[in-house]
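Written below as structure tokens is the structure these notes are about.
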């Protein structure tokens with residue numbers, strides 16, 4: 001950028017669907033010396049994290065903390081309840097269910113995959129057919145991605161629970177809330193979820209590097225029957241450690257724990273219901289702009305039905321395929337980094353807006369204003385009044 | 001905010017006309033142990049700061065660094081060249097010239113004040129009259145505020161220099177660039193400025209606490225004739241110290257110096273001409289929006305002539321006087337803090353946008369988007385298409 | 001501590017054998033916004049880390065980076081080369097070989113364990129016997145802990161290599177350098193190590209949370225024959241990713257990567273040979289004090305033969321069993337936290353000094369001075385002149 | 001240092017008598033965005049700082065906060081109560097009284113200076129003579145340096161107060177507590193001090209850049225009679241501001257205020273009596289070592305009478321003049337930076353230990369251990385057992 005004029009020389013805004021914007025309080029909390037890992041405040045800290053993570057997830061059961069990213073928690077969760085040769089059902093809306101399913105195959109599971117494409121949420125009838133067909137209860141778990149970050153589809157977890165219950169199918173309901181926890185409403189116990197995985201770098205507002213596996217008694221019963229679980233992935237000592245190091249099977253991720261403490265403090269100070277309401281309100285402002293842009297015929301929202309859209313990420317498509325120049329203009333001329341298209345056949349034309357976690361009204365206007373500017377720079381046809389429509393939505397007092 | 005829904009729970013944006021948004025690199029540089037103040041790297045650092053500050057100011061002469069805010073540099077500069085009983089001429093556009101003039105009175109000077117109101121830049125004819133009337137050369141200095149942060153007026157320093165030259169008046173030309181340095185074009189030597197004062201927390205992107213007095217040989221000649229200059233304000237040892245502590249008349253402002261080093265590195269990596277061009281381009285985008293809002297009849301730009309407007313701050317007025325609720329909505333519901341009206345008779349209706357220093361396109365859209373939202377929330381009449389007009393301006397590749 | 005007089009109210013010194021003291025440059029580098037994980041500087045950064053990690057390890061082969069602690073790298077490494085039912089040989093000096101061996105059992109391996117106690121390094125004859133007895137080459141790998149953090153024993157890796165070579169045994173030589181890398185001399189390729197694991201929070205001076213598995217072509221050949229390797233642990237895509245996210249099987253540990261970059265810069269600016277020499281010199285100063293204290297009959301160094309002692313950690317024993325009060329006095333009255341005894345039968349009487357990573361002469365004197373003070377407070381008999389002996393060693397210009 | 005072996009490559013310890021070691025909590029608090037300076041939390045913060053600064057100083061009267069170093073507070077304090085032509089009495093033990101006296105001359109005062117050399121505290125008889133001789137009450141203030149940082153002399157302020165009272169002399173008693181506040185006991189109101197100046201970078205543990213002037217009603221009465229006080233130095237609006245900016249005569253030193261808040265929280269959590277007791281105990285440990293070193297005949301404590309020694313700084317002298325090589329060895333080989341000799345005729349042989357503020361037992365041992373090591377390296381004769389003597393002192397439970 002040196003010796004070139006750019007309008008990007010200011011505070012950078014990373015508006016991708018994870019990692020999200022890290023709060024100052026979190027970064028401050030991590031800027032500290034290493035603590036003792038055998039004695040003292042760290043030992044007292046970890047149980048408070050478990051307690052407050054469970055409040056965010058809406059569960060009274062267990063949470064194991066892993067030094068791992070979201071993919072790691074996929075493998076961790078599966079390793080505790082799925083033995084080689086067992087079957088999982090994977091209803092896929094977007095690409096991440098594929099990823100989780102491949103993880104399952106990697107540990108020797110058989111995968112029955114239902115593909116609902118990149119723009120539709122689950123077809124409950126087809127899932128029902130698959131469950132119904134499994135009279136022998138070969139399916140040990142259903143891998144349910146709550147929000148798919150690539151497509152911005154949000155699936156209906158309670159409906160899936162009802163379906164399993166109606167059919168008296170004993171499969172574990174395993175949810176991936178990596179993109180949704182702390183953004184979209186999720187209530188583990190009330191919704192009957194048996195295992196839930198998530199990671200810290202999105203709605204939990206902590207730099208990437210720590211992941212979580214929540215599980216209930218039904219899941220633990222399946223764990224108890226497993227022929228073998230690798231030591232590192234075993235969730236048992238992590239939730240009931242005899243000595244502190246077992247929480248993490250070795251050295252604790254010290255600085256992340258302090259950052260997470262600060263993030264959880266923010267979430268519970270705001271109140272999880274308020275966090276969800278904020279994300280919904282901000283998402284509606286974003287959609288209001290997108291719908292108007294879409295009138296120009298060159299931009300589409302990937303998920304047409306708002307009821308199936310995440311409040312944390314919005315996937316968009318430029319029909320002329322110019323997603324990359326749009327993102328480049330935004331980043332290089334404005335200081336706004338948008339998410340790339342992921343998993344779409346026409347991914348070059350796609351881009352994504354992340355609006356998860358530490359996110360407020362002025363950030364929404366920066367993001368949308370940046371997109372408007374970049375579309376103007378590229379002469380992309382679009383409806384007029386999009387930004388004002390977003391502003392009008394934000395103007396409604398929540 | 002606890003237990004109430006708000007859309008402000010994200011990254012806060014302080015969009016006031018100083019302090020400006022601090023770059024991460026600056027804050028990182030300041031997060032460090034204290035250095036030795038008698039030996040080592042700090043001793044080598046300070047001359048590089050002086051060198052690079054002078055490059056920003058466009059001067060080959062001298063700069064004295066003070067642990068002080070901008071007001072402190074007013075007193076420091078005056079104390080070196082104006083003795084009790086001497087006269088200064090103070091042409092005032094906005095309130096800060098009044099502040100400087102009171103400082104002059106505080107050290108015993110006589111002040112001849114010309115008031116050009118809160119919305120107009122200098123009337124050069126009236127200044128010429130005042131200079132012409134001073135045949136006896138009682139006026140020892142003209143206090144010239146380059147950009148007035150309260151009114152967003154930018155005055156024409158080269159024209160003032162020309163006027164003094166034309167009339168062969170020996171008064172020092174003393175410029176206040178607190179709000180303009182590193183934002184609006186300023187060239188000390190080329191423009192014939194004898195003394196210039198500024199501070200670190202605006203275009204220089206460093207947390208408030210350090211100020212600067214630049215001066216040339218003519219100013220030093222006046223200094224040499226002074227009957228007495230207080231030790232702390234004396235600029236002589238600060239520019240030619242025999243021992244290091246004299247740079248600061250005592251302990252150095254250690255952490256600020258590291259922060260300033262990082263800020264100067266950013267400015268010179270971008271290039272000062274590019275910095276000015278960026279501020280101009282961003283300002284024009286802001287004005288484009290304001291002009292459209294103004295069509296609704298309820299909002300006015302304080303300075304009507306764009307040629308006299310700062311590129312670093314824009315003062316606005318709501319004719320219905322609702323500046324305070326506008327700012328409150330913006331801060332509490334959106335996370336965007338706007339500047340208060342300052343010095344205006346109808347200050348309750350006024351507010352200001354700061355766009356100085358570490359400032360890019362997405363920040364402009366956040367700021368304008370926030371104002372649009374707040375006006376929508378308050379049902380303030382405004383022209384439509386303001387945000388799109390700003391975006392269209394930003395879309396032009398600089 | 002409130003409202004009680006304590007001499008601990010100053011900068012805390014965590015002198016345990018990991019995590020070590022984090023350099024300011026590392027913490028500063030981590031205090032930053034999240035970067036884009038699909039494009040930009042992070043993508044360029046990771047290959048430089050791999051390159052410079054390999055320079056620290058003395059290898060031209062491969063390194064896979066895991067979001068994991070050291071225990072995680074144990075499982076990761078084993079998962080790539082040991083199939084269920086295969087055998088590993090584990091010669092144990094101290095407790096960590098036991099930990100690694102249990103990890104091996106956790107993935108289904110058979111373990112042949114040789115126990116050399118808590119105070120002696122490997123008995124090469126007994127290892128030779130075990131290798132010789134394995135004419136059928138059932139042993140697929142030898143788990144070789146270079147430095148055991150619990151006992152402070154350092155084992156002779158080149159001798160083990162020579163032994164395997166002499167007997168033409170094809171087992172992989174797998175080294176655990178968690179406590180030694182960046183402290184004690186280690187040269188992976190020159191020493192014929194096939195797989196090496198380590199983590200970031202000791203000699204690599206980065207907050208806990210990232211681990212590394214280095215491997216050569218022979219190890220990769222064994223990997224290629226594996227019936228199945230779990231996706232998350234698979235090292236192949238991590239060293240030859242087709243797309244960036246495969247480096248980490250998902251989201252990168254963004255902030256740790258910046259911290260690690262700063263740490264590697266420090267190591268290579270100093271020079272790895274100098275790093276090793278510094279650790280050796282500091283260790284000798286520590287031992288000089290310990291030997292004199294030991295003259296009092298109440299304190300023993302756990303490893304009597306200096307040739308088998310780590311330069312990164314020193315395990316000590318109070319024969320009267322008062323390790324805990326010693327550590328408590330040191331922490332609560334002086335601000336110095338010592339390591340607990342680990343794995344010893346008489347662990348209550350043991351304590352450990354960590355001297356790894358970001359470690360200099362004044363820190364050695366603080367640590368030893370704290371121990372001297374605590375022993376004085378507890379009236380523990382000790383030889384006199386220990387601190388002066390350490391100072392005399394440090395006084396020798398390296 | 002590159003490519004050379006050094007034992008200094010670890011955490012640096014700056015053991016000079018100011019700036020002191022900054023606590024992490026203070027640096028963390030300063031690593032944050034700029035706040036609004038017209039509204040919000042900063043406006044609420046400043047009165048709490050004034051309140052808690054006064055608790056540290058032992059006064060119920062006033063404190064004005066200046067963006068300035070200690071020298072700046074000298075000029076600020078004088079400017080409020082001493083008019084040109086008025087006289088101050090300056091009893092000098094060490095060099096800083098000279099500095100303050102020159103400041104007084106710089107504002108036009110006459111100075112009557114009493115010189116007690118570099119190693120002795122005030123001779124109260126000579127001061128009494130000077131006061132007695134001033135029957136006309138020409139002396140308007142006595143400039144009383146509590147602790148002189150160059151010499152480590154601590155003067156007896158209550159005795160000076162008693163002397164003035166006994167002689168019914170109305171001069172203001174002005175104390176410089178720059179090196180003592182928050183270290184050595186000081187009770188402004190109980191001791192009858194009228195004006196006190198200090199700065200933030202020593203016992204107040206905040207990066208250099210803010211200073212303080214405390215004053216009582218008697219001082220304010222003198223202020224009220226002043227013919228003119230410069231606006232920037234005027235303390236009146238700073239203690240009773242009508243609008244917030246008057247606290248600082250312009251922009252607030254935003255980040256320092258947050259740092260100071262954290263530092264004051266630490267001081268009051270510990271308790272100021274405990275802070276004093278800690279400094280005294282640590283000082284005695286340091287002196288115990290110095291006294292034994294001194295037995296070798298090559299090292300002297302500058303102040304022989306412990307009752308007149310500061311608990312915050314210790315000035316030492318090597319009779320062979322090798323202060324500089326001692327400090328260089330310590331810094332370059334050990335990572336410990338000692339204070340230079342200041343103001344002594346034989347300053348090359350002198351050095352100083354700072355032990356102020358964020359200071360605990362392990363730091364004392366690091367500092368003394370470093371000195372012992374450096375003396376060993378230079379073959380400086382010294383008594384043996386110095387470090388053990390310090391340890392024995394620290395071992396006594398306070």
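Residue numbers (the UniProt record's numbering), protein chains in the order written: chain G, 1 to 398; chain U, 1 to 398; chain W, 1 to 398; chain B, 1 to 398.
C-beta: ideal position from N, C-alpha, C; glycine also.
Any C-beta of chain W under 7 Å from that of residue i
i                     : result
residue 75 of chain G : yes
residue 32 of chain U : yes
Cβ pair residue i, residue j closer than 7 Å
i                      : j                      : result
residue 368 of chain G : residue 289 of chain G : yes
residue 67 of chain U  : residue 36 of chain B  : no
residue 344 of chain U : residue 10 of chain G  : no
residue 213 of chain G : residue 73 of chain G  : yes
residue 198 of chain W : residue 259 of chain W : no
residue 390 of chain B : residue 283 of chain B : no
residue 278 of chain G : residue 334 of chain U : no
Interface flag, residue i vs chain G, CB-CB below 7 Å
i                      : result
residue 107 of chain W : yes
residue 208 of chain W : yes
residue 227 of chain W : no
residue 201 of chain B : no
Own chain residues within Cβ distance below 8 Å of residue i, not counting five before or after
i                      : result
residue 161 of chain G : 173, 191, 192 and 193
residue 384 of chain U : 292
residue 34 of chain B  : 254 and 255
residue 309 of chain G : 152, 153, 154, 283, 287, 301 and 303
Close-in-space but distant-in-sequence residues of the same chain around residue i (CB under 7 Å, 5 per side omitted)
i                      : result
residue 25 of chain U  : 262 and 266
residue 325 of chain W : 378
Any C-beta of chain B under 7 Å from that of residue i
i                     : result
residue 16 of chain W : no
Three-state secondary structure (DSSP) of residue i
i                      : result
residue 161 of chain G : helix
residue 132 of chain U : helix
residue 232 of chain W : coil
residue 32 of chain U  : coil
residue 66 of chain U  : strand
residue 314 of chain W : strand
residue 182 of chain U : coil
residue 26 of chain G  : helix
Residues of its chain near residue i, where Cβ-Cβ distance is below 6 Å and the 5 sequence neighbours each way are ignored
i                     : result
residue 14 of chain G : 337
Could you name the residues of the stretch 317-345 of chain W whose beta carbon sits closer than 7 Å to any beta carbon of chain G, in the order they occur along the chain? 337 and 340
May I ask you to list, following chain order, the residues of the stretch 242-265 of chain G that have a beta carbon less than 8 Å from some beta carbon of chain W? 248, 249, 250, 251, 252, 253, 254, 255 and 256
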